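A short write-up of the structure that comes next.
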Amino acid sequence: MKYYIILNDVQLGPLDLSELRKLPVTAQTPVWREGMADWTPCGDVTELSSLFVSEPVAIGRPRESYDPYAASFNSGKAKEDTVPDYAPGQPDNWIPECPPTYLVWSILVTLFCCMPFGIVAVVKSCGVTSSYNRGDYEAARKKSSDAQMWIIVSVVLGLVWGVIAVGFEFANSLL
């Protein structure tokens with residue numbers, strides 16, 4: 001029998017039972033198959049009761065519990081209390097992927113296109129990893145986006161400057 005499910009707001013299917021076992025199906029996952037009137041929670045379908053896991057599997061890298069002062073100070077806090085707080089509403093075991101730094105591109109545009117704006121791109125690129133490692137994921141994403149913008153500005157200005165320089169050189173050769 002073929003089933004259709006909705007995971008993370010995406011409809012998947014048709015899937016057979018063996019394919020469903022490989023997915024993080026919960027009792028609340030909507031499911032539909034031929035013969036059903038409407039989408040139904042997976043927990044209400046008796047032939048699928050063996051499929052659900054206790055909680056959904058997070059895609060990403062789990063956050064490690066880390067207290068940099070635990071070795072030198074006895075704070076009296078439990079290990080759970082020492083984990084830093086991240087963005088509100090964010091699951092404790094979820095860390096988004098680090099955005100691209102564009103550091104190599106920043107250095108290249110600094111050397112070959114437009115040095116002043118290339119330096120700004122390098123500074124923004126260097127801030128991506130430090131913001132990410134601090135747990136400030138929104139700032140890391142913003143710095144990555146800013147670095148990309150300054151790289152584009154540097155390339156465009158470098159090309160414009162190159163065209164102007166070639167034009168002046170051509171004009172001087174005619175005189």
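Position one of the sequence shown corresponds to residue 1 (my numbering), numbered consecutively onward.
Backbone N, C-alpha and C define an ideal beta-carbon position, used for all residues, glycine too.
Because the structure is a prediction, the values reported are computed rather than measured.
Query	Result
C-alpha distance - M1 paired with L48, whole-angstrom precision	11 Å
Straight-line Cα distance separating L15 from E80	Low per-residue confidence applies at E80: pLDDT is 49, beneath 50, and the placement is therefore not dependable enough to give any value.
8 Å Cβ cutoff met for S145 and V122	no
Closest residue to Y137 among G35, E34 and E97 (Cα-Cα distance)	E97
Euclidean distance between Cα positions of E19 and D38	21 Å
Local conformation of T40 per DSSP, three classes	strand
Rounded straight-line distance, which links the Cα of L175 to that of W161	21 Å
Alpha-carbon spacing of A33 relative to G13, whole angstroms	Residue 33 is actually Arg in this sequence, not Ala. Cα to Cα, R33 sits roughly 10 Å from G13.
C-alpha gap between T110 and L159, whole angstroms	13 Å
C-alpha gap between M115 and A165, whole angstroms	16 Å
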